[in-house]
Amino acid sequence: MPTARAFWVREPGAGEIRPVPLPTPGPDEVLVRTRFSGVSRGTETLVFQGRVPANQYAVMRAPFQEGDFPGPVKYGYLNVGQLDDGRLVFCLYPHQTAYVVPASAVHVLPDGVPPTRAVLAGTVETAVNALWDATPRIGDRVTVVGAGMVGCCVARLVAGLPGVHVQLVDVDMERETVAGALGVEFATPDTADRRRDLVIHASATSEGLQCALDLLAPEGTVVELSWYGDRPVSVGLGGAFHSGRLTIRSSQVGTVAHPRRTFAQRMALALELLRDPAFDALIAGESRFDDLPDVFAAGNLPALCHLITYSGE
Numbered sequence: 015m016p017t018a019r020a021f022w023v024r025e026p027g028a029g030e031i032r033p034v035p036l037p038t039p040g041p042d043e044v045l046v047r048t049r050f051s052g053v054s055r056g057t058e059t060l061v062f063q064g065r066v067p068a069n070q071y072a073v074m075r076a077p078f079q080e081g082d083f084p085g086p087v088k089y090g091y092l093n094v095g096q097l098d099d100g101r102l103v104f105c106l107y108p109h110q111t112a113y114v115v116p117a118s119a120v121h122v123l124p125d126g127v128p129p130t131r132a133v134l135a136g137t138v139e140t141a142v143n144a145l146w147d148a149t150p151r152i153g154d155r156v157t158v159v160g161a162g163m164v165g166c167c168v169a170r171l172v173a174g175l176p177g178v179h180v181q182l183v184d185v186d187m188e189r190e191t192v193a194g195a196l197g198v199e200f201a202t203p204d205t206a207d208r209r210r211d212l213v214i215h216a217s218a219t220s221e222g223l224q225c226a227l228d229l230l231a232p233e234g235t236v237v238e239l240s241w242y243g244d245r246p247v248s249v250g251l252g253g254a255f256h257s258g259r260l261t262i263r264s265s266q267v268g269t270v271a272h273p274r275r276t277f278a279q280r281m282a283l284a285l286e287l288l289r290d291p292a293f294d295a296l297i298a299g300e301s302r303f304d305d306l307p308d309v310f311a312a313g314n315l316p317a318l319c320h321l322i323t324y325s326g327e
């Protein structure tokens, strides 16, 4: 049987490249040869560090994960590859040089979506789901706290609504350039506008969640996208939280937040939205597949998408 190679978290804090068997595709399966994959720093860093809470092991399984938390585990979900007929496809598959999956698990890239940008499909899908949960309205004052991959995708999408004023808030002033490329206003927590109708939080910090609450107008809502792993979260619920009738609502991509859409339809929409070249601003750096163990171990991944390139083996 031929083999491929895959990145595994051997144990918390240590990764390795392993050979894996590559089965012959069945009648309803396809062979995909990976061209690019993307590292989602937030979730994948928590997995690499072994910080998935035990009571969330089942919930946090990736679609084609092998092994179990905290390790050994093969984890990831931003993969763009090529079929034998030349078509480029996106799949929620880990970092692996080639793989066989059901044909229904791959999504052909629309015309005008380059493969490097397409690795963002899983993140844009998360942003779409978040906005279905958030239900922003025309003319709303919307703030996104946390200018990482998810926050930036949300900001770009919500800015497309007529009359919406969007601010992207982050403590890192270097994110101002990215905000400009996305066509949204940038602010730090100290300079951010107050009395916002909707705040979407994606910084994965207690400080960011507190900032999000502090920015709300009375009757406003924070939609919480951050996943904290096993870290405790502390916010002050005194002050205006009760008198202002503020709301914190969770959003998680594992459930489709639209009653008349399927997982496949949500992914198809995400890929169509990636025709927008502004999303290229979210690709920040690249590494070779063979270097993945060192890339994760170094612990200095950017908050945006880190692109992994494959040699075409």
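Numbering (my numbering) for the sequence shown: 15 to 327. For each residue, glycine too, the CB sits at the ideal point set by N, CA and C.
Three-state secondary structure assigned by DSSP to residue i
i, result
"SER329", "The question about residue 329 has no answer here: the residues shown for the chain are numbered 15 through 327."
"ALA226", "helix"
"SER220", "helix"
"SER54", "coil"
"GLY27", "coil"
"PRO17", "It is worth fixing the name first, because residue 17 is Thr in this sequence and not Pro. THR17 falls in the strand class under three-state DSSP."
"LEU134", "coil"
"PRO33", "strand"
"VAL44", "strand"
Burial state of residue i, where buried means 16 or more other Cβ atoms lie within 10 Å
i, result
"GLN110", "buried"
"VAL73", "exposed"
"ASN93", "buried"
"ASP228", "buried"
"PRO116", "exposed"
"GLU139", "buried"
"ARG263", "exposed"
"ARG209", "exposed"
"PRO240", "Looking at the sequence shown, residue 240 is not Pro but Ser. SER240 comes out buried."
"LEU251", "exposed"
"GLY313", "exposed"
"TYR71", "exposed"
"GLY194", "exposed"
"ALA206", "buried"
"SER54", "buried"
"GLY165", "buried"
"GLU58", "buried"
"GLY52", "buried"
Sub-7 Å separation of residue i and residue j beta-carbons
i, j, result
"LEU36", "THR17", "yes"
"TYR107", "PHE83", "no"
"LEU230", "VAL247", "no"
"LEU145", "LEU123", "no"
"GLU156", "PRO39", "Checking the displayed sequence, the identity of residue 156 turns out to be Val instead of Glu. Contact flag unset, no."
"GLY56", "ALA226", "no"
"THR269", "THR235", "no"
"PRO307", "GLU30", "yes"
"VAL23", "VAL87", "yes"
"ALA292", "LEU196", "yes"
Sequence-distant residues of the same chain with beta carbon closer than 6 Å to residue i, five excluded per side
i, result
"ALA161", "LEU182, ASP184, ARG189"
"LEU223", "HIS215, VAL249"
"VAL198", "ALA169, ALA173, VAL180, LEU182"
"GLY153", "GLY177"
"LEU318", "MET163, LEU296, ALA298"
"VAL61", "TYR89"
"VAL34", "ALA18, ALA20"
"ARG47", "GLY95, GLN96, ALA112"
"TYR91", "ALA76, LEU106, GLY136"
"PHE303", "ILE322, TYR324"
"VAL309", "SER301"
Same chain, Cβ closer than 7 Å to residue i, five either side skipped, listed in chain order
i, result
"LEU283", "VAL142"
"THR130", "PHE50, ILE297, LEU321"
"PRO26", "GLN63, GLY64, PRO84, GLY85"
"LEU175", "PRO150, ILE152"
"LEU288", "VAL127, ARG131, ALA132, LEU134, ALA135, VAL138"
"ASP147", "VAL237, ARG263, SER265, ALA271"
"PRO232", "GLY258, ARG259"
"GLY243", "LEU60, ARG65, VAL66, PRO67"
Cβ-based neighbour list, residue i, same chain, cut-off 8 Å, excluding 5 preceding and 5 following
i, result
"HIS121", "VAL103, PHE104, CYS105, ALA135, ALA278, MET281, ALA282, LEU285"
"GLU300", "HIS320, LEU321, ILE322, THR323"
Item to check | Minimum length 3: unbroken beta strand (DSSP E) runs contained in the segment 154-215 | outcome: Secondary structure within the segment 154-215: the beta strand (DSSP E) runs of 3 or more consecutive residues, fully enclosed, are 155-159, 179-183, 199-201, 210-215 (chain order).
Item to check | Ranges of the beta strand (DSSP E) found wholly within the segment 225-270, counting only runs of at least 3 | outcome: 230-238, 261-264
Next on the checklist: To test your reading of the DSSP string, which unbroken alpha helix (DSSP H) runs of 4 or more residues are found completely within the segment 271-325?
Outcome noted: As far as the segment 271-325 is concerned, its whole alpha helix (DSSP H) runs of at least 4 residues are 277-287, 306-312.
Checklist entry - In the segment 49-122, which residue ranges form an unbroken alpha helix (DSSP H) of at least 4 residues, counting only runs that do not cross its ends? => result Complete alpha helix (DSSP H) runs here, min 4: 55-62.
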